[in-house]
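A short write-up of the structure that comes next.
Protein chains: 2
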Amino acid sequence: MAAGERTLILAEGFSADPHYGKTMRGVLRYRRDDVVAILDSTRTGESDAGVPVVGDVEGGLAYGPEVAIVGVATQGGRFPPEWRDILRACIAKGLSIENGLHEMLADDSELRPLADAAGVELRDLRRPPEGLDCATGANLDVDSRIVLTVASDCAVGKMTVSLELDRAARERGLESLFVPTGQTGIAIAGWGIAVDAVVADFISGAAEQLVIEGHRRGGELLWVEGQGSLVHPAYSGVTLGLYHGSVPHVLVLCHRAGSTEIEGSPGHPIPPLRELVELHERMALPRRPARVAALALNTAGLGEREAREVVAAASDETGLPAADPVREGADALLDAVLAGLP
Amino acid sequence: MAAGERTLILAEGFSADPHYGKTMRGVLRYRRDDVVAILDSTRTGESDAGVPVVGDVEGGLAYGPEVAIVGVATQGGRFPPEWRDILRACIAKGLSIENGLHEMLADDSELRPLADAAGVELRDLRRPPEGLDCATGANLDVDSRIVLTVASDCAVGKMTVSLELDRAARERGLESLFVPTGQTGIAIAGWGIAVDAVVADFISGAAEQLVIEGHRRGGELLWVEGQGSLVHPAYSGVTLGLYHGSVPHVLVLCHRAGSTEIEGSPGHPIPPLRELVELHERMALPRRPARVAALALNTAGLGEREAREVVAAASDETGLPAADPVREGADALLDAVLAGLP
Chain A
1 MAAGERTLIL
11 AEGFSADPHY
21 GKTMRGVLRY
31 RRDDVVAILD
41 STRTGESDAG
51 VPVVGDVEGG
61 LAYGPEVAIV
71 GVATQGGRFP
81 PEWRDILRAC
91 IAKGLSIENG
101 LHEMLADDSE
111 LRPLADAAGV
121 ELRDLRRPPE
131 GLDCATGANL
141 DVDSRIVLTV
151 ASDCAVGKMT
161 VSLELDRAAR
171 ERGLESLFVP
181 TGQTGIAIAG
191 WGIAVDAVVA
201 DFISGAAEQL
211 VIEGHRRGGE
221 LLWVEGQGSL
231 VHPAYSGVTL
241 GLYHGSVPHV
251 LVLCHRAGST
261 EIEGSPGHPI
271 PPLRELVELH
281 ERMALPRRPA
291 RVAALALNTA
301 GLGEREAREV
311 VAAASDETGL
321 PAADPVREGA
331 DALLDAVLAG
341 LP
Chain B
1001 MAAGERTLIL
1011 AEGFSADPHY
1021 GKTMRGVLRY
1031 RRDDVVAILD
1041 STRTGESDAG
1051 VPVVGDVEGG
1061 LAYGPEVAIV
1071 GVATQGGRFP
1081 PEWRDILRAC
1091 IAKGLSIENG
1101 LHEMLADDSE
1111 LRPLADAAGV
1121 ELRDLRRPPE
1131 GLDCATGANL
1141 DVDSRIVLTV
1151 ASDCAVGKMT
1161 VSLELDRAAR
1171 ERGLESLFVP
1181 TGQTGIAIAG
1191 WGIAVDAVVA
1201 DFISGAAEQL
1211 VIEGHRRGGE
1221 LLWVEGQGSL
1231 VHPAYSGVTL
1241 GLYHGSVPHV
1251 LVLCHRAGST
1261 EIEGSPGHPI
1271 PPLRELVELH
1281 ERMALPRRPA
1291 RVAALALNTA
1301 GLGEREAREV
1311 VAAASDETGL
1321 PAADPVREGA
1331 DALLDAVLAG
1341 LP
């Protein structure tokens, strides 16, 4: 999404789902002014965050969109038949499409010619840039302070925490920059690399390029969006490659209050917070030690008092500052991070 | 390399280099009978492991090769101009080419048409299979015992240790199988997936498919070839994804005797063996705990007595059985692994 581009969010069937609707939620939160409508035929006529929900592409046209963004993750990261109908309709109506799934629209033998004929763009947010390679060690020469969000699981709020901390830091006048590493972060910030989509050998190399680029863009304080979790049975490789390649000075550990098991992976427990803190510090490269400076708790769905108790308990367990930056603002976490930086 | 296929190893400039010549060394050790010549113009007329070294493709033809295998890693994993001359000459002389670099020959706009015209194959060992996806948890249902080699660094002998242990196990009549996860292992065994070349999100999914396939091929005892190292600044992501995706019951920790720094990464220390053992056990998924059953020391280059001392010291430090399986045979390590299996 270029700045100011009028956007229709495609969220068929999942606009109310916090997990599958992650991209929609992020775009609604951080690019609200550019969103004109949401497409989800299961909620036609409702509104979400003040944005009208429409039942089909035709219905969305009344709001004058220029681009449609795929706002939900489909099962397996690929487009089922009903989705292809929606995509074809967007192209036919002259909308460019922004897509963050692993399936690349610009390579699609049916959609690509249609888009070319209609003169619209197919932007694949997860497509790796040309010329990626293994990490070289140049990341250690980046003259910025680097903060990475890590977590107990996927989809607990790492991107949001990084964005909130970046915003708070900029409000204090710091030369602060959010570094996007996933499709939603890229849609929001307009640059970045989806590190989970690169050739596996190049994860750390991509992370290295991102911190170099973040410094080049003027970030003296870089908030690197974390991915996955070191204890996730499917995504831990991306997590560790991003960790080692982005060479953070400080970590912020994110956790959904009350979660004890990896979502979607029954039988895979989430270790206690104290263990997670130690594990993450232990996995830092000796050449760039990193401490967890604070805990960011996601207390969405809890009452005010319950949330306060959960945050206090997490702080007690770990001896670290803790807060829910969405509920309370990011200032306390920012203080803790700044105090922890070398 | 299909079984029995007469093979010319392309090793220009690096046939004597243990690091860059890893593929050549592996093929020479485990597919010796199929190798007819080695191409390296810097050593023309010499022989290596009893195989004649020739200066160009023309010179190799006298030995009747059917296929040429890229036996060395080039700088950056891509083909410099002098290498393209060699590849063109192979194609012109009717040789198929087997290639394990990240650069895919079958996608090359110059070489592909030449190969098609000459009727030869361009086999890219690192090309990921179609249909890879994230790990699903089906790995935990595989009814085999799974042993993964892990290590302090790249290129210390993980593949060799897995192959030697597999051979020793088969000699004892066990239904044992080597599971290849890298280009050299694939060249040797004729199947497998190069897990460092898949989409980063699919590392664990590829590892999961490999242990499922290993079981399907009759392996009751699977020796999964490890990759990289958890403490390597560039490759740790692949290492952890492979670890979690292959769900090993037991680990064998490989180490080059005397190494204290990651090769090619100055300033990145290798932690002491005792710490490495603990770190690897710590990083197992709670759902599939894994213990290090033994240490495999690479003592190449040491004298007999020095090697014995190094092995004894490693065992003392960690309290674990230790051996150099290439020097002493793999029986002691195999005993330790079998004793450690659940």
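First to last, the protein sequences are chains A and B. Numbering of the first sequence is given in our numbering, commencing with residue 1 and proceeding in unit increments. Numbering of the second sequence is given in our numbering, commencing with residue 1001 and proceeding in unit increments. We treat Cβ as the ideally placed atom computed from N, Cα and C, and that holds for glycine. It should be emphasised that the depicted structure is a prediction, and the values quoted were computed from it without experimental measurement.
E304 (chain A) sits in a helix when the DSSP states are folded into three classes. Contact annotation: V35 (chain A) and L28 (chain A) have beta-carbon atoms nearer than 8 Å. The alpha-carbon separation between T74 (chain A) and V224 (chain A) amounts to approximately 25 Å. Per DSSP, L1273 (chain B) is one residue of the alpha helix (DSSP H) stretching across 1273-1282. Under the criterion of beta carbons closer than 8 Å, V1147 (chain B) and V1252 (chain B) qualify as touching, at roughly 6 Å. T42 (chain A) counts as exposed, since fewer than 16 other beta carbons sit within 10 angstroms of its beta carbon. Cα atoms of G1055 (chain B) and D1040 (chain B): separation of roughly 5 Å, rounded to the nearest angstrom. By the Cβ criterion, the region 1140-1156 of chain B is not in contact with the region 1121-1132 of chain B, since fewer than three pairs of Cβ atoms, one from each stretch, lie closer than 8 Å. For I1097 (chain B), there is no enclosing alpha helix (DSSP H); the enclosing beta strand (DSSP E) has its first and last residue at 1096-1099. Interface residue (Cβ-Cβ distance to chain B less than 8 Å): I203 (chain A) is classified as such. For S162 (chain A), the enclosing alpha helix (DSSP H) starts and ends at 158-171.
Spatial neighbours of A1290 (chain B) in its own chain (CB-CB distance under 7 Å, excluding positions within 5 residues in sequence) are listed in chain order as P1248, H1249, V1250, L1251, E1281, A1284. Under the three-state reduction of DSSP, I1262 (chain B) is assigned to coil, being neither helix nor strand.
Put simply, the CB of S246 (chain A) is far from chain B, with every gap to its CB atoms at 8 Å or more. Taking C-alpha positions only, L1279 (chain B) is separated from A1151 (chain B) by approximately 11 Å.
At a C-beta separation below 7 Å, S315 (chain A) has no neighbours in chain B, since its nearest C-beta there lies roughly 24 Å away.
Between A194 (chain A) and I186 (chain A) the beta-carbon gap is near 6 Å, inside 8 Å, which marks them as a contact. Taking 8 Å as the upper bound for CB-CB distance, G1214 (chain B) and A1003 (chain B) are not in contact here, some 18 Å apart.
Using beta-carbon distances, V72 (chain A) does not count as an interface residue toward chain B, since no partner is under 8 Å. R1288 (chain B) is positioned such that its CB atom lies no closer than 8 Å to that of G267 (chain A). Only residues of its own chain outside the window of five on either side were considered, and among them V250, A336, V337, G340 have a CB closer than 6 Å to the CB of A293 (chain A), listed in chain order.
Between A1169 (chain B) and the set B:L1010, B:L1222, B:P1081, B:G1131, the nearest pair of CA atoms involves B:L1222. Boundaries of the alpha helix (DSSP H) harbouring D331 (chain A): 331-340, taken from the DSSP string. Only exposed fits D1107 (chain B), as fewer than 16 other CB atoms lie within 10 angstroms of its CB.
Exclusion of the five residues before and after G21 (chain A) leaves A11, F14, S15, G71, V72 as the residues of its chain whose Cβ lies within less than 7 Å of its Cβ.
Cβ contact annotation for P1269 (chain B) (same chain, cutoff 7 Å, sequence separation greater than five): T1260, E1261, in chain order.
Interface with chain B (8 Å Cβ-Cβ cutoff): R127 (chain A) is excluded. Within chain B, the C-beta atoms nearer than 8 Å to that of R282 (chain A) come from L1279, R1282, in chain order. Beta-bridge partners assigned by DSSP to I38 (chain A): A:I9, A:V53.
Residues of the region 107-138 of chain A with a C-beta atom less than 7 Å from some C-beta of chain B are D133, C134, A135, G137, listed in chain order. Apart from the 5 residues on each side of it in sequence, R217 (chain A) sits with its Cβ closer than 7 Å to the Cβ of L177 in its chain, given in chain order.
Straight-line measurement puts the Cα of T1044 (chain B) at about 29 Å from the Cα of G1303 (chain B). Contact of R1291 (chain B) with chain A by beta-carbon distance below 8 Å is absent, the smallest such distance being about 17 Å. For H1019 (chain B), no chain A residue has a Cβ inside 7 Å of its Cβ, as the nearest lies near 14 Å away. Around S265 (chain A), the beta-carbon contacts reaching into chain B at under 7 Å are G1137. Residues of chain A with a Cβ closer than 8 Å to the Cβ of V1156 (chain B) do not exist, since the nearest Cβ in that chain sits about 18 Å away.
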